[in-house]
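Numbering (UniProt numbering), first residue to last: 1 to 96.
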């Protein structure tokens with residue numbers, strides 16, 4: 001799930017780089033600083049490293065939104081457990 005969500009985020013950033021070229025350098029820096037290390041943690045399936053890097057990426061995104069004048073867009077982790085809003089009982093195979 002994390003790998004899929006990261007892939008979707010990277011695709012969204014690519015669209016942003018094209019449609020908002022004035023932000024392309026910042027988006028690429030964000031990808032190198034936060035998302036590449038997050039991808040490594042996902043690949044290693046290291047939950048401790050993932051949590052640390054996910055928190056850093058979230059803080060980085062929020063700081064960037066504020067710096068760009070969009071401080072009203074802030075991400076935060078849900079206080080709900082995943083069992084309260086996700087259904088993992090459906091079994092499927094992973095598609096790349």
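Ideal placement from N, C-alpha and C gives every residue a C-beta, glycine not left out.
Quick caveat, the model's predicted, so the values are computed rather than measured.
Quiz prompt | Minimum C-alpha distance to residue 155 - residue among 60, 67, 39 | solution = Any answer about residue 155 is impossible in this case: the structure gives the chain only from 1 up to 96.
Quiz item: According to the neighbour-count rule (16 or more other Cβ atoms, all chains shown, within 10 Å of its Cβ), is residue 59 buried or exposed?
Solution: Start at 1 with the first residue of the chain shown, and residue 59 comes out as number 59. It counts as exposed.
Quiz prompt | Contact set for residue 85: own chain, Cβ-Cβ below 8 Å, skip 5 residues either direction | solution = Counting from 1 along the chain shown, the entry for residue 85 is found at position 85. Excluding residues within five positions, the ones whose Cβ falls inside 8 Å are 78.
Quiz item: Smallest Cα separation from residue 15: which of 27, 53, 55, 68?
Solution: One-based indexing of the chain shown puts residue 15 at position 15. Among 27, 53, 55, 68, the Cα nearest to that of residue 15 is on 27.
Practice problem: Please work out which residues of its chain come closer than 6 Å, Cβ to Cβ, to residue 37, disregarding the five sequence neighbours upstream and downstream, and give them in chain order. | Solution: Position 37 of the chain shown holds residue 37. Contacts found: 53.
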